[in-house]
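Just so we're aligned, residue 29 is where the sequence shown starts under the working numbering, counting upward by one.
Glycine included, C-beta positions come from ideal geometry on N, C-alpha and C.
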Amino acid sequence: VQEVAFTLADGIAYVQAAVDAGLDVDAFAGRLSFFFNAHNNLLEEVAKFRAARRMWSTIMRERFGAKRERSLLLRFHTQTAGSTLQSRQIDCNVVRTTLQALAAVLGGTQSLHTNGRDEALALPTEESARLALRTQQVIAHESGVADVVDPLGGSPYIESLTDAIESRATELIVRIDRLGGAPKAIGFMRQGIERSAYEAQRRIESGEDVVVGVNRFELEEEEPPAIFEIDSAAQEEVAAGLRDLRATRDSTAAEAALAALTEACKGDANLMPFLLDAVEAEATVGEVCRAMESVYGVYREEL
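1) To the nearest angstrom, report how far apart Phe77 and Asp259 are at their CA atoms.
2) At a cut of 8 Å, does the stretch 78-92 reach the stretch 189-203 through at least three beta carbon pairs?
3) Between Gln114 and Glu233, what straight-line distance do the alpha-carbon atoms span, to the nearest angstrom?
4) Apart from the five residues just before and just after Asp119, which ones in its own chain have a Cβ nearer than 8 Å to its Cβ?
5) With H, G and I counted as helix, E and B as strand and the rest as coil, what does DSSP make of Gln219?
6) Inspect the CB distances between the stretch 246-264 and the stretch 272-285 and report whether three or more fall short of 8 Å.
7) Does the distance from the C-beta atom of Ala79 to that of Val32 stay below 7 Å?
8) Tell me whether Ser99 is buried or exposed, calling it buried when 16 or more other Cβ atoms sit within 10 Å of its Cβ.
9) Going by alpha carbons, who is nearest to Glu251 out of Pro211, Ala288 and Arg116?
10) What's the C-alpha gap between Arg206 and Glu199?
11) Going by the DSSP bridge assignment, what does Ala281 pair with across the sheet?
12) Could you give the distance in angstroms between the alpha-carbon of Val334 and the alpha-carbon of Ala131?
13) Buried or exposed: where does Phe63 fall if 16 or more other Cβ atoms within 10 Å of its Cβ makes it buried?
14) Kindly indicate the opening and closing residues of the alpha helix (DSSP H) around His169.
15) For Val266 and Thr276, I'd like the C-alpha separation in whole angstroms.
16) What are the complete alpha helix (DSSP H) segments, minimum 4 residues, inside the stretch 33-62?
17) Please report how far the alpha carbon of Asp54 lies from the alpha carbon of Ala268, in whole angstroms.
18) According to DSSP, Arg244 sits in a beta bridge with which residue or residues?
19) Leu140 by DSSP, collapsed to three states: which one?
20) Looking at the structure shown, is Phe256 part of a helix, part of a strand, or coil, going by DSSP?
21) Is it buried or exposed for Val239, if we count other Cβ within 10 angstroms and need 16 for buried?
22) Thinking C-beta only, is Leu140 closer than 7 Å to Thr106?
23) Any idea what DSSP makes of Asn121, helix, strand or coil?
24) Could you tell me if Arg124 is buried or exposed, where buried requires 16 or more neighbouring beta carbons within 10 angstroms of its beta carbon?
25) Taking only the alpha-carbon atoms, compute the straight-line gap between Glu329 and Ala309 and give it to the nearest angstrom.
26) Could you give the distance in angstroms between the alpha-carbon of Ala210 and the alpha-carbon of Phe34?
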């Protein structure tokens, strides 16, 4: 419920800002896209994606007056949930990722990222990354679920769960609206996420929620898996490249572009041209971020 509500509330804030700037909603709404996680509860996740799609269509039509069919569509990418990956009995992560990827496809995702089985320990090895890719490919080409639009639609349980998530997420968006919208409700949303994370961890540690290989069905001894290690020479190569860039670029142009960006942040100008100028002057991502941070600061929750 939180994921749907907070994600769509962010989307509402972006659309409202664009409309307030004078853009026609149907001129840009069809280009928007969203990002969701997929977790382990297969049917709940399918209902979550279905609810989000239905809610966004209603929001765009009734709240913003969108008329084009494309403007009503919720285009979204899904990544399997890294927070569910475990460092023990890591082969179980393959099963978790498969269920999560399947839920995303059943829920109508447009694109998908599957995590590697060893990502709770390090960056994935080449073997793990290949297996994650093969997981997607088996679902796409062997399972048949990608051949049907909304394959679980009409199931009494899925429909009732979709309705429940939509209702509760809509109530949460109303609360965010009352706080002044997503930008002003950051603290509220962050606190909600922290409470949910705490409760999820508490249920695992108490054994209320079973995590296979972690708090149930454990092994007394387990061989440590081979993990990916970054070559120190590769790290130095990247650092050397950055040093070379700074030594050979037109420093005057880069500094001027960054100064112009900083000044633009102090007003209400469209920042995109200034960002492009900075990148074209070979300013680094870190330098661009620091220029903006010098004006906007970094969010700190008020306790």
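Here's the rundown:
1) 40 Å
2) yes
3) 14 Å
4) Arg145
5) helix
6) no
7) yes
8) buried
9) Arg116
10) 11 Å
11) According to DSSP, which records beta bridges pairwise, Ala281 is partnered with nothing at all.
12) Because residue 334 is not part of the residues shown, which for the chain are 29 to 331, the question remains open.
13) exposed
14) Glu154 to Glu170
15) 15 Å
16) 53-56
17) 46 Å
18) Val240
19) strand
20) coil
21) buried
22) yes
23) helix
24) buried
25) 35 Å
26) 8 Å
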